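K.L.:
Order-wise, the sequence lines are chains A and B.
If you're matching positions, the first sequence starts at 145 in the working numbering and goes up one per residue.
If you're matching positions, the second sequence starts at 145 in the working numbering and goes up one per residue.
Backbone N, C-alpha and C define an ideal beta-carbon position, used for all residues, glycine too.
Nothing here was measured: the structure is a model prediction, and the numbers come from that model.
Questions regarding the structure given below will be posed in turn.
Number of protein chains: 2
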Amino acid sequence: MKINENFLKLQSSYLFSTIGKKVGEYSAANPKAQIIRLGIGDVTRPLPSEVIDSLHKAADEMANEETFRGYPPEQGNDFLISSIKEYDYKLRDVNIDEDEIFISDGAKSDTGNIGDIFSQDNAVAVCDPIYPVYVDTNVMAGRSGELTNEGKWSKFIYLDCNQENDFFPGIPKEKADLIYLCFPNNPTGMAADKAYLKKWVDYANENSSVILYDAAYEGFITQDNIPHSIYEVQGAKTCAIEFRSFSKTAGFTGVRCAYTIVPKELKCGDVSLNSLWARRQATKFNGVSYITQRAAQAVYSEKGRAQVMGNIAYYQNNAKVISEGLKEAGFKVWGAVNSPYVWFKVPQKMTSWDFFDLMLEKTQVVGTPGSGFGPAGEGYFRLTGFGSSAKTLEAVDRIKNARF
Amino acid sequence: MKINENFLKLQSSYLFSTIGKKVGEYSAANPKAQIIRLGIGDVTRPLPSEVIDSLHKAADEMANEETFRGYPPEQGNDFLISSIKEYDYKLRDVNIDEDEIFISDGAKSDTGNIGDIFSQDNAVAVCDPIYPVYVDTNVMAGRSGELTNEGKWSKFIYLDCNQENDFFPGIPKEKADLIYLCFPNNPTGMAADKAYLKKWVDYANENSSVILYDAAYEGFITQDNIPHSIYEVQGAKTCAIEFRSFSKTAGFTGVRCAYTIVPKELKCGDVSLNSLWARRQATKFNGVSYITQRAAQAVYSEKGRAQVMGNIAYYQNNAKVISEGLKEAGFKVWGAVNSPYVWFKVPQKMTSWDFFDLMLEKTQVVGTPGSGFGPAGEGYFRLTGFGSSAKTLEAVDRIKNARF
Numbered sequence: 145m146k147i148n149e150n151f152l153k154l155q156s157s158y159l160f161s162t163i164g165k166k167v168g169e170y171s172a173a174n175p176k177a178q179i180i181r182l183g184i185g186d187v188t189r190p191l192p193s194e195v196i197d198s199l200h201k202a203a204d205e206m207a208n209e210e211t212f213r214g215y216p217p218e219q220g221n222d223f224l225i226s227s228i229k230e231y232d233y234k235l236r237d238v239n240i241d242e243d244e245i246f247i248s249d250g251a252k253s254d255t256g257n258i259g260d261i262f263s264q265d266n267a268v269a270v271c272d273p274i275y276p277v278y279v280d281t282n283v284m285a286g287r288s289g290e291l292t293n294e295g296k297w298s299k300f301i302y303l304d305c306n307q308e309n310d311f312f313p314g315i316p317k318e319k320a321d322l323i324y325l326c327f328p329n330n331p332t333g334m335a336a337d338k339a340y341l342k343k344w345v346d347y348a349n350e351n352s353s354v355i356l357y358d359a360a361y362e363g364f365i366t367q368d369n370i371p372h373s374i375y376e377v378q379g380a381k382t383c384a385i386e387f388r389s390f391s392k393t394a395g396f397t398g399v400r401c402a403y404t405i406v407p408k409e410l411k412c413g414d415v416s417l418n419s420l421w422a423r424r425q426a427t428k429f430n431g432v433s434y435i436t437q438r439a440a441q442a443v444y445s446e447k448g449r450a451q452v453m454g455n456i457a458y459y460q461n462n463a464k465v466i467s468e469g470l471k472e473a474g475f476k477v478w479g480a481v482n483s484p485y486v487w488f489k490v491p492q493k494m495t496s497w498d499f500f501d502l503m504l505e506k507t508q509v510v511g512t513p514g515s516g517f518g519p520a521g522e523g524y525f526r527l528t529g530f531g532s533s534a535k536t537l538e539a540v541d542r543i544k545n546a547r548f
Numbered sequence: 145m146k147i148n149e150n151f152l153k154l155q156s157s158y159l160f161s162t163i164g165k166k167v168g169e170y171s172a173a174n175p176k177a178q179i180i181r182l183g184i185g186d187v188t189r190p191l192p193s194e195v196i197d198s199l200h201k202a203a204d205e206m207a208n209e210e211t212f213r214g215y216p217p218e219q220g221n222d223f224l225i226s227s228i229k230e231y232d233y234k235l236r237d238v239n240i241d242e243d244e245i246f247i248s249d250g251a252k253s254d255t256g257n258i259g260d261i262f263s264q265d266n267a268v269a270v271c272d273p274i275y276p277v278y279v280d281t282n283v284m285a286g287r288s289g290e291l292t293n294e295g296k297w298s299k300f301i302y303l304d305c306n307q308e309n310d311f312f313p314g315i316p317k318e319k320a321d322l323i324y325l326c327f328p329n330n331p332t333g334m335a336a337d338k339a340y341l342k343k344w345v346d347y348a349n350e351n352s353s354v355i356l357y358d359a360a361y362e363g364f365i366t367q368d369n370i371p372h373s374i375y376e377v378q379g380a381k382t383c384a385i386e387f388r389s390f391s392k393t394a395g396f397t398g399v400r401c402a403y404t405i406v407p408k409e410l411k412c413g414d415v416s417l418n419s420l421w422a423r424r425q426a427t428k429f430n431g432v433s434y435i436t437q438r439a440a441q442a443v444y445s446e447k448g449r450a451q452v453m454g455n456i457a458y459y460q461n462n463a464k465v466i467s468e469g470l471k472e473a474g475f476k477v478w479g480a481v482n483s484p485y486v487w488f489k490v491p492q493k494m495t496s497w498d499f500f501d502l503m504l505e506k507t508q509v510v511g512t513p514g515s516g517f518g519p520a521g522e523g524y525f526r527l528t529g530f531g532s533s534a535k536t537l538e539a540v541d542r543i544k545n546a547r548f
């Protein structure tokens, strides 16, 4: 047999293993050190009680012949789809049809698998820095070309995000076919407003491009002028696929539920991308656990929404504490306002990894080097609001006292 | 953008929608008819109480900060992996390492997604009749060529299963790179012994082919000489990937848990397919729900195994009742012994669909036309043991009385 040689182009993802190794070595040399980990993008608060109750109820349904459920509908159960339609879209004056909503096990799966419906021959535009899945899945699919000396893939169109553009990349001069955008952004924590997104929507409609819009962090938006969905922007339905997740909003990273919107108006010639994705999912996916879908539905109940908002507020407050602490300590800071992520510039003439080592040494706080998210992340650093509030406060105190 | 044009080659899967339409029309015309559906491949028995208890316990763990779980390990939780290693393999004298076991949300996902690690340029061998996912996913991936007038794809190597070879296809003369085998088989219900599988393993090792072995129905095996895993056959670790599922064995079709074995010895040149699949899953999948994995682990407890065996025995008995009833009614019958599926020849000069209509008319029993599984299924019919025992007995009585 012949393997997919594109896989061999990928380097192993050393980022988090390198972090783990460095922290392990430091711990071994300093066994009494109280290390605080604010590098992770994973939730830590327990599931809301409404969700727990729903899990129990659905589990009991599976125990009786009369209420037992076999294969779920491939696109998702009506009860969850109608809640999404109502609360995530209709309440924001966006009309999404039931058959445009595809329930899945995760936004990572969907942002990866969506590539199946596109030809290999598409020009891919990616932000830099970026969530690595968009890059790696397109390398696997043969859309990347070769890795250059500056750490970029030869065929990708890079959308540089930096201090100069406030981490909102400009529209490229080239014609991009598939454009990955993520707002609120991971890793920079920046959230786009409608005017900014409108430029991308217009560009995509003019160039017959598709925007692959990752809105996994929309639950963290606090400012009224920031859209939660790209479909709040006029014209987006003919050019955008939107990925949503219960992971960061409802704390479902360990439960696994997400959904993707593929509007029927989004077409390539006569072919609706909705029908292609429906075929892909019906053929290569067997639906999401009934129990999980009931748990997700509970997120939309009155109590459930209140509880979810409580958890988000907890993380938002952590991010605010970190952001303000870093500013007091003299750092230039982005993100946090509409995001669990805090992104900041490391001291001059240091690399992201230099700063990682220095911060570990001086404060025993672990973060994520910006260069791990792409070449343009060099010189920046990410901390997250997903830790406990007590440890977050302690970490910020240590950073302020360290006088970097 | 450009779409993946291979999707356009696929015809919509009319099989089950056509069945639904015909049954709907019959019901409308005969509102008092007591229709019995034995066409489905979905389980109907409730989950074992050990599994339910485990679901509740894991849900409660998610309710407390101390025991809450975020992202699952991408390859699966150790507790489930070690149970699989022990009970599904070591007890059968097969040694599988922990890092050769990949937990997933379904065998359908895995048998579909596995194509990602192979080049487009591979000759695919498929049985006929066959579970349509193997065919459709390879059409999507561009490995099929064009559909011919006889309903076959021009580039596929077809392994005809028929009365003459007792539904065990012979080794092809051509060189096949990727070979899909499913035993116990869906739809024919036939189970392969070691001597038969050894021929495929030898062929694959000689030709550097990969056998994609779907063992989703191994739990139904009753005969001692039938291997549950292809790795019980010497030499399989250098040529086979095995797909397993909790769907049909433990009734998990609505819970979603499966696993795939990719041995480290299985290589293409110097490249281990295990590392490719690990990379694929780490990049495009985010692991299985913690709660689901705890439920799957419960299947391996002493009580859990006993309860699962009870459910399987229930379906096995249904299949036996159908098989014996059909034989008494004069049909030539295959399967059932090691499978929930009963496969039989329809009366001479009838097509599978003719018989579907006739059986619905005369007995109000719904089955699946063999031609729905591929051209070589024409003239055959599938019934399943997944119904209730009372309705299964009633259906068999009606068939016997109908005197086809």
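Which residues, in order along the segment 216-243 of chain B, keep a beta-carbon less than 8 Å from a beta-carbon of chain A?
P.N.:
Going along the segment 216-243 of chain B in chain order, one finds Pro216 with a Cβ nearer than 8 Å to chain A.
K.L.:
Would you mind listing the beta strand (DSSP E) stretches within the segment 398-433 of chain B that are 3+ residues and don't spill past its ends, in chain order?
P.N.:
With a minimum length of 3 residues, the continuous beta strand (DSSP E) runs that stay inside the segment 398-433 of chain B are 402-405.
K.L.:
Please report the residue range of the alpha helix (DSSP H) in which Thr507 (chain A) lies.
P.N.:
Element bounds for Thr507 (chain A): 496-507.
K.L.:
Would Asn266 (chain B) count as contacting chain A if we go by Cβ distances under 8 Å?
P.N.:
So yes, Asn266 (chain B) belongs to the interface.
K.L.:
Could you list the residues in the segment 438-462 of chain A with a C-beta less than 8 Å from some C-beta on chain E, going in chain order?
P.N.:
Protein chains A and B are contained in the structure displayed, whereas chain E is not.
K.L.:
Return the CA-CA distance between Ala348 (chain B) and Ala251 (chain B), expressed in angstroms with no decimal places.
P.N.:
Going by the C-alpha atoms only, they are around 22 Å apart.
K.L.:
Pairing CB atoms from the segment 405-412 of chain A with CB atoms from the segment 186-205 of chain A, are three or more of them under 8 Å?
P.N.:
Touching, no.
K.L.:
Just reading off the alpha helix (DSSP H) that Trp344 (chain B) is part of, what are its end residues?
P.N.:
From DSSP, the alpha helix (DSSP H) with Trp344 (chain B) extends over 338-351.
K.L.:
I'd like to know whether the C-beta atoms of Val122 (chain B) and Leu527 (chain B) end up nearer to each other than 8 Å.
P.N.:
With chain B covering only 145 through 548, there is no way to say anything about residue 122 (chain B).
K.L.:
Report the residues of the segment 520-543 of chain A with a CB closer than 7 Å to any CB of chain B, ordered along the chain.
P.N.:
Under the 7 Å Cβ criterion, the segment 520-543 of chain A contributes no residue.
K.L.:
Grab the span of the alpha helix (DSSP H) containing Arg213 (chain A) for me, first residue to last.
P.N.:
Premise fails: Arg213 (chain A) is in no alpha helix (DSSP H) and is neither H nor E.
K.L.:
So what's Gly333 (chain A) in DSSP terms, helix, strand or just coil?
P.N.:
It is coil, neither helix nor strand.
K.L.:
What residues match up with Arg438 (chain A) in a beta bridge as DSSP calls it?
P.N.:
Beta-bridge pairing links Arg438 (chain A) to no other residue.
K.L.:
Under 9 Å between beta-carbons, which chain B residues line up against Leu341 (chain A)? List them in chain order, please.
P.N.:
What Leu341 (chain A) touches in chain B: nothing, since even the nearest Cβ is about 18 Å away.
K.L.:
State the Cα-Cα distance for the pair Ala439 (chain B) and Asp243 (chain A), rounded to the nearest angstrom.
P.N.:
Approximately 31 Å between the Cα atoms of the pair.
K.L.:
Kindly indicate if chain A contains any beta-carbon less than 8 Å away from that of Thr507 (chain B).
P.N.:
No, because no Cβ of chain A sits closer than 8 Å to the Cβ of Thr507 (chain B).
K.L.:
Identify which residue in A:Ser227, A:Ala335, A:Trp344 has its Cα closest to the Cα of Pro316 (chain A).
P.N.:
Considering only alpha carbons, the answer is A:Trp344.
K.L.:
Within the same chain, show all residues whose beta-carbon is closer than 8 Å to that of Ile435 (chain A), passing over the 5 residues directly before and after it, in chain order.
P.N.:
Excluding positions up to five away in sequence, the list reads Leu199, Ala202, Ala203, Met206.
K.L.:
Taking C-alpha atoms, which residue in B:Gly363, B:Ile261, B:Tyr231 lies nearest to Gly454 (chain B)?
P.N.:
Ranking the options by Cα distance to Gly454 (chain B), first place goes to B:Gly363.
K.L.:
Three-state secondary structure (DSSP) at Phe517 (chain A)?
P.N.:
In the structure shown, Phe517 (chain A) sits in a helix (DSSP, three-state: H, G or I).
K.L.:
Between Pro313 (chain B) and Asp321 (chain B), how many whole angstroms is the CB-CB distance? I'm expecting something under 8 Å.
P.N.:
Not confirmed; about 17 Å, so no contact.
K.L.:
Any beta carbon from chain A within less than 8 Å of Pro491 (chain B)'s own beta carbon?
P.N.:
Not an interface residue.
K.L.:
Can you say whether Thr211 (chain A) is buried or exposed, counting buried as having 16 or more other CB atoms within 10 angstroms of its CB?
P.N.:
Flag for Thr211 (chain A) reads exposed.
K.L.:
For a minimum of 3 consecutive residues, which ranges assigned as the beta strand (DSSP E) are wholly contained in the segment 230-293 of chain A?
P.N.:
The qualifying runs are 245-248, 268-272.
K.L.:
Could you compute how far the alpha carbon of Thr507 (chain B) sits from the alpha carbon of Gly474 (chain B)?
P.N.:
Going by the C-alpha atoms only, they are around 16 Å apart.
K.L.:
What do you reckon, are the CB atoms on Ala402 (chain A) and Asp197 (chain A) nearer than 8 Å?
P.N.:
In this structure, Asp197 (chain A) does not lie closer than 8 Å to Ala402 (chain A) by Cβ.
K.L.:
Run through DSSP, which three-state label would Ile385 (chain B) get?
P.N.:
Three-state DSSP puts Ile385 (chain B) in a strand.
K.L.:
Evaluate the contact criterion for the segment 322-329 of chain B versus the segment 270-279 of chain B: three or more CB pairs, one atom per stretch, below 8 Å.
P.N.:
Taking 8 Å as the limit for Cβ pairs, the verdict is that the segment 270-279 of chain B does touch the segment 322-329 of chain B.
K.L.:
Quick one: residues in its chain with C-beta nearer than 7 Å to the C-beta of Phe223 (chain A), no 5 flanking neighbours on either side, listed in chain order?
P.N.:
Closer than 7 Å at Cβ, skipping near neighbours: Gln441.
K.L.:
When burial is assigned at 16 or more other CB atoms within 10 Å of the CB, is Leu235 (chain A) buried or exposed?
P.N.:
Per the 10 Å Cβ criterion, exposed.
K.L.:
Give the straight-line distance between the Cα atoms of Glu376 (chain B) and Gly431 (chain B), rounded to the nearest whole angstrom.
P.N.:
Computed Cα separation, rounded: 28 Å.
K.L.:
To which residues does DSSP link Ile147 (chain B) through a beta bridge?
P.N.:
Paired residues: A:Phe262.
K.L.:
For Leu154 (chain B), which residues does DSSP report across the bridge?
P.N.:
DSSP lists no partner for Leu154 (chain B).
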